[in-house]
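Numbered by mature numbering (1 follows the signal peptide of the UniProt record, and there is no 0), the letters in the sequence shown go through residues -16 to -1, 1 to 361 in order.
All residues carry an ideal CB built from backbone N, CA and C; glycine is no exception.
Reviewing the structure listed below.
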Amino acid sequence: MLQRGIIILIPKLSWCQCLSFSRALHSAGETNSELVKRLLGQNEETWHEQKNSFLNNYDRDNLMETYKKLRFLGYSNENILEELRIMRLRPLTLNSRYRIYLDYGFDKKLISLSLLRHFVATLAHNIHKLKKDGYINKYKNVLANVNKKLKLENVEELDESLPLKHIHHEYLAQYLSLSLNMSRDEANYNLRKYTNLKCRSFKCIRENIDFLTKTFGFTHEKIRKHIYVLYSDKENALSVLKTYPKLGSTDFKDIIYSYPNIILLPLSNVRGVIECVEKFGYSRDHIAKVPMILLLNPSTLETRLNRIHTEDWYQPYVGLPRALNLAFSLPDIEKRRSILRDLNMKCVSMNLLACPKSYFNAYAKHGRDKINFFPNA
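Structure representation (structure tokens):
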């Protein structure tokens, strides 16, 4: 049986005030666990530090946004404390799970944090069982309501005896087909390949398509080619654009258009990478020429740049924008140098060391020289 829970609704003003003071409540040396303890109004006697130390393994900004989202959805501090591991989920994931439950007729008052945590297990049940357990009104025609809401014909003769995860998959496939002008086979393939899409609500998919087309100029064809962008976080992307409208002289929107996977990066990662690069004396214009450097974890990038700046072999590249290419490809560098030494190729360029694998293999096989793999770097 699924565990039920009743949401305690609270005025939105209270959690807004609590969140606004949260930054002032913690010092630079305060752990995530201590911060959450204060947010939830707990003291040393009621807070189990060792049990809740898992919070220290997660990004602080994400914890703050998750807390904000939970309070916005109407959950109290007591609700959160009872299901503290809900804090591990991203705000977008929480919102999508909540919306999916509403899409299929769940009683809003019975969408507990336990139900949100056990989303996969819940979707494994069929609608008959969910009605029997009281989560959905037994007189509600769930499939007819979804068909009407999405303006779809009856999809694959679905019925309420099927697992909800199967029903949601079929509806998503149909919805993607109509929204992006793709075949059902292509839609089903994308849902199998990018499983995170199955956890997105119809509203989230629709909002992301509109956001990508209007903000970045993505066509439906480009979205189909990079279908993973549909599980990006719109609010996070807007925060990135607000914080960094440009990288040097390059519009950040143009960077995302050329490198769509960057839209998946949390603001904290983008900020960390930019701060790290600037600490080593490189400008934001340099980052704009090597935008894939943003995909690295800031701590990983710092380790690699430290190596480049301290080891003698890399000194000719220190301070050059192309050194960021080297940092991005550093794990392959030593292996490539060894291969070139074995082939007695003494003239080694930055382009060759940091180029894509296919280009390097072609060079090592045929010995072609003077190929500029990064003309804009």
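Through-space distance from residue j to residue i, alpha-carbon basis
i, j, result
"Leu337", "Pro275", "18 Å"
"Ile240", "Lys92", "37 Å"
"Ile(-10)", "Tyr119", "Any reading at Ile(-10) needs caution, since the residue's pLDDT is 38, under 50, leaving its predicted position unreliable; the model's value is listed next. Whole-angstrom Cα-Cα distance: 13 Å."
"Phe344", "Pro244", "24 Å"
"Glu62", "Ser252", "28 Å"
"Leu156", "Tyr88", "13 Å"
"Lys(-5)", "Trp297", "Annotation note: pLDDT 37 at Lys(-5) (below 50); position unreliable, coordinate value reported separately. Their backbone Cα atoms lie some 58 Å apart in a straight line."
"Arg268", "Thr294", "22 Å"
"Tyr123", "Asn110", "15 Å"
"Leu134", "Leu142", "15 Å"
"residue 436", "Met71", "The first residue shown for the chain is -16 and the last is 361, placing residue 436 beyond what the model contains."
"Asp45", "Asn290", "26 Å"
"Lys132", "Leu114", "21 Å"
"Ile151", "Leu86", "14 Å"
"Val130", "Asn180", "21 Å"
"Tyr266", "Leu146", "56 Å"
"His210", "Arg306", "27 Å"
"Leu304", "His270", "9 Å"
"Glu318", "Phe236", "33 Å"
"Ser342", "Phe200", "30 Å"
"Glu33", "Asp117", "36 Å"
"Asp238", "Phe202", "11 Å"
"Lys198", "His204", "11 Å"
"Glu154", "Val20", "39 Å"
"Asn41", "Arg69", "12 Å"
"Asn125", "Gln158", "19 Å"
"Ser6", "Pro340", "Low local confidence applies: a pLDDT of 41 at Ser6 is under 50, so the model's placement there is unreliable, with the coordinate-based value given in what follows. Their backbone Cα atoms lie some 45 Å apart in a straight line."
"Thr284", "Leu73", "24 Å"
"His112", "Ile247", "39 Å"
Residue i burial status per 10 Å Cβ neighbour count (16 or more: buried)
i, result
"Val257", "buried"
"Ala128", "exposed"
"Asn121", "exposed"
"Ala8", "Here Ala8 scores only 42 on pLDDT, less than 50, and its place in the model is too uncertain to base an answer on."
"Thr77", "buried"
"Glu18", "buried"
"Val104", "exposed"
"Ser80", "buried"
"Asn220", "buried"
"Ala108", "exposed"
"Leu162", "exposed"
"Arg288", "buried"
"Pro75", "buried"
"Thr227", "exposed"
"Arg320", "buried"
"Arg325", "exposed"
"Glu286", "buried"
"residue 368", "What is shown of the chain runs -16 to 361, which leaves residue 368 out entirely."
"Arg55", "buried"
Element boundaries [alpha helix (DSSP H), containing residue i]
i, result
"Asn125", "It is not in any alpha helix (DSSP H) - Asn125 carries neither H nor E in the DSSP assignment."
"Arg291", "Pro282 to Thr294"
"Gly256", "Leu251 to Lys263"
"Ile189", "Phe186 to Thr199"
"Met48", "Arg44 to Phe56"
"Glu317", "In the sequence on display, residue 317 carries Ile and not Glu. Taken as a continuous stretch (DSSP letters only), the alpha helix (DSSP H) holding Ile317 covers Leu314 to Asp326."
"Thr77", "Pro75 to Asp87"
"Asp269", "Arg268 to Lys273"
"Arg306", "Looking at the DSSP string, Arg306 is not in any alpha helix (DSSP H), and its letter there is neither H nor E."
"Ile207", "His204 to Lys209"
"Tyr173", "Arg168 to Lys177"
"Glu18", "Asn16 to Leu23"
"Asn61", "Asn61 to Glu66"
"Arg101", "Leu97 to Arg101"
Residue-level contact to chain D via CB, residue i, 8 Å cutoff
i, result
"Phe103", "No chain D appears in the structure shown, which is made up of a single protein chain."
Assumed close pair residue i, residue j - CB separation to whole angstroms, cut-off 8 Å
i, j, result
"Ala272", "Leu231", "4 Å"
"Asn192", "Ser223", "Rounded, the Cβ-Cβ distance is 15 Å, inconsistent with contact."
"Ile84", "Ser167", "About 24 Å; that fails the 8 Å criterion."
"Ile64", "Leu24", "6 Å"
"Leu310", "Tyr301", "6 Å"
"Leu97", "Glu67", "4 Å"
"Ile277", "Leu249", "Between Leu249 and Ile277 the Cβ distance is about 11 Å, and since that is not below 8 Å, they are no contact."
"Leu196", "Ile207", "6 Å"
"Leu214", "Ile189", "6 Å"
Proximity test, residue i beta-carbon vs the ligand PLP heavy atom, cut-off 7 Å
i, result
"Asn345", "Here there are no bound small molecules, and the ligand PLP is not part of this structure."
Counterpart residues of residue i in DSSP-defined beta bridges
i, result
"Thr234", "Leu231"
"Pro147", "Asn110"
"residue 365", "Residue 365 lies beyond the stretch modelled for the chain, which goes from -16 to 361, so this question has no answer here."
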